[in-house]
Ligand SMILES: [Zn+2]
Ligand SMILES: [Zn+2]
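Following this line, the structure appears as structure tokens:
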């Protein structure tokens with residue numbers, strides 16, 4: 518029996534033991550093909566062919582995958598080629614398959630490789646920094662805007678994108694309640710991408726989990742960290758957040774305290790308070806920047822009640838003025 522026959526027999530016998538979770542599709546002297554499945558989103562098929570002068574030449578490898586992009590498949594193929602060269606002179610197939618399986622295990626970020634590349638290219642700016650811990654499946658980004666920063670950590674679970682990315686804010690210098698909103702909203706986007714809606718639309722296609730790393734990171738970086746430090750108060754037109762994060766007001770009754778309303782615009786507490794207490798009140802108060810109705814817990818009163826309070830305040834003001842007149 519020549520070496521190729523020996524190798525084929527060995528593959529049939531011990532592949533399952535050496536490379537658990539692999540599936541032997543064909544095992545002939547013209548083609549050996551094996552499916553490696555780590556998760557639904559991390560799987561590939563390796564097609565191996567013996568060259569004329571095997572094993573003194575590296576085995577010929579073609580990688581196929583329905584879930585990885587063509588560029589990733591090319592990359593995997595070329596690292597396998599390099600690996601095969603290390604084993605010239607001996608049986609190479611099981612060694613290559615073990616190597617491939619280890620590669621899938623060691624790279625939890627594979628299912629979001631394109632998303633991460635796009636984040637780096639299109640979202641991150643020169644002032645931002647990032648760190649990738651490939652083996653832990655972890656991405657860390659420090660986004661910066663002026664004196665403000667947000668340190669975001671994203672961990673990619675094994676079953677991404679069926680399982681949501683784990684997001685956390687490791688450090689920041691924004692007002693606490695704002696960061697609570699940032700992270701809650703980002704987690705909500707991840708949830709929506711991975712859980713079917715409660716109210717099912719009978720006409721909708723069956724639910725399918727969607728990749729969501731880019732959407733959640735874009736939200737945190739662009740729509741939170743980059744946006745809010747530049748945002749101006751719709752009432753006074755001045756920058757809402759102070760230039761220096763150390764000057765952020767924590768007292769909710771202070772005129773300069775930041776109120777984030779439903780539409781997303783940032784008001785100074787004093788500016789909003791004056792606006793919400795000035796007529797007209799019918800149909801509620803609208804945000805002058807975007808035209809959406811303002812909903813806020815602190816001013817959660819009906820137009821009628823606002824009207825009454827305003828009238829009462831006016832009457833009281835007139836009384837006070839009359840008293841002043843009387844005294845002077
Ligand atoms: Zn203002
Ligand atoms: Zn608005």
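Numbering (the numbering used here), first residue to last: 518 to 845.
All residues carry an ideal CB built from backbone N, CA and C; glycine is no exception.
* Just the Cα atoms here: how many angstroms apart are residue 703 and residue 791? -> Answer to the nearest angstrom: the Cα atoms are 32 Å apart.
* Asked: The alpha helix (DSSP H) with residue 775 in it runs from where to where?
  -> From DSSP, residue 775 is part of no alpha helix (DSSP H) but of the beta strand (DSSP E) over 775-777.
* Asked: Any idea which residues DSSP pairs residue 803 with across the strands?
  -> Per DSSP, 810.
* Between 754, 796 and 556, which lies nearest to residue 622 when the distance is taken from Cα to Cα? -> Nearest option by C-alpha distance: 556.
* Asked: Which word fits residue 539, buried or exposed, when buried means at least 16 other C-beta atoms lie within 10 angstroms of its C-beta?
  -> Residue 539 comes out buried.
* To do: Mark residue 587 as exposed unless 16 or more other C-beta atoms lie within 10 angstroms of its C-beta, in which case mark it buried.
  => Looking at its Cβ environment, which holds fewer than 16 other Cβ atoms inside 10 Å, residue 587 is exposed.
* Residue range of the unbroken beta strand (DSSP E) whose run includes residue 705 -> It is not in any beta strand (DSSP E) - residue 705 instead sits in the alpha helix (DSSP H) that spans 693-711.
* Between the segment 557-567 and the segment 579-595, do three or more beta carbon pairs fall short of 8 Å? -> As far as the Cβ criterion goes, the segment 557-567 touches the segment 579-595, which means the pair count is three or higher.
* Apart from the five residues on each side of it in sequence, which residues of its chain come closer than 6 Å, Cβ to Cβ, to residue 596? -> Closer than 6 Å at Cβ, skipping near neighbours: no residue.
* Segment limits, beta strand (DSSP E) that includes residue 784 -> Per DSSP, residue 784 belongs to the beta strand (DSSP E) from 783-785.
* Beta-carbon separation of residue 685 and residue 670 under 8 Å? -> Between residue 685 and residue 670, the CB-CB gap stays under 8 Å.
* Around ligand 2, what residues have a beta-carbon under 6 Å from a heavy atom of it, in chain order? -> My final list is 780, 782, 804, 806, 807 and 809.
* **DSSP state of residue 689 mapped onto helix, strand, coil** => Here DSSP, grouped into helix, strand and coil, assigns residue 689 to strand.
* Taking three-plus beta-carbon pairs below 8 Å as touching, is the segment 772-783 in contact with the segment 809-820? -> In short, these stretches touch, since the Cβ pair count reaches three.
* Proximity of residue 613 and residue 571 at Cβ, strictly below 8 Å -> No Cβ-Cβ contact shorter than 8 Å links residue 613 with residue 571.
* Asked: Helix, strand or coil for residue 612 per DSSP?
  -> Residue 612: helix per DSSP, three-state reduction.
* Would the beta-carbon of residue 752 be found less than 7 Å away from any heavy atom of ligand 1? -> Yes, since a heavy atom of ligand 1 falls inside the 7 Å radius drawn around the Cβ of residue 752.
* To do: Tell me, please, whether the segment 697-713 touches the segment 759-768 by the rule of three or more beta-carbon pairs shorter than 8 Å.
  => Verdict: no, contact absent.
* Where residue 733 falls, given that 16 or more other Cβ within 10 Å makes a residue buried -> Buried, because 16 or more other Cβ atoms sit within 10 Å of the Cβ of residue 733.
* Inter-stretch contact at 8 Å, needing at least 3 Cβ pairs: the segment 534-550 / the segment 657-666 -> Counting Cβ pairs under 8 Å, fewer than three are found: no touch.
* Asked: Are there 16 or more other CB atoms within 10 angstroms of the CB of residue 783, so buried, or fewer, so exposed?
  -> By the 10 Å Cβ count, residue 783 comes out buried.
* Counting only the same chain and skipping the five closest in sequence on each side, list residues whose C-beta sits under 6 Å from that of residue 590. => The answer, listed in chain order, is 580 and 582.
* Asked: Roughly how many angstroms lie between the CA atoms of residue 609 and residue 746, to the nearest whole one?
  -> Spanning the two alpha carbons is a distance of roughly 57 Å.
* Using the C-alpha atoms, what's the distance from residue 551 back to residue 531? -> Near 13 Å, if we compare the C-alpha coordinates of residue 551 and residue 531.
* beta-carbon residue 755 near ligand 1 non-hydrogen atom, thresh 7 Å -> At least one heavy atom of ligand 1 is nearer than 7 Å to the Cβ of residue 755, so yes.
* Have a look at residue 468 and residue 598 and give me their C-alpha separation to the nearest angstrom. => The shown model of the chain, from 518 to 845, leaves out residue 468, and the question about it has no answer.
* Asked: Which same chain residues, not among the five before or five after residue 656, have their C-beta less than 6 Å away from its C-beta?
  -> Answer for residue 656: 649 and 671, listed in chain order.
* Asked: Is residue 565 near residue 578, with beta carbons less than 8 Å apart?
  -> Cβ distance < 8 Å, so residue 565 and residue 578 count as in contact.
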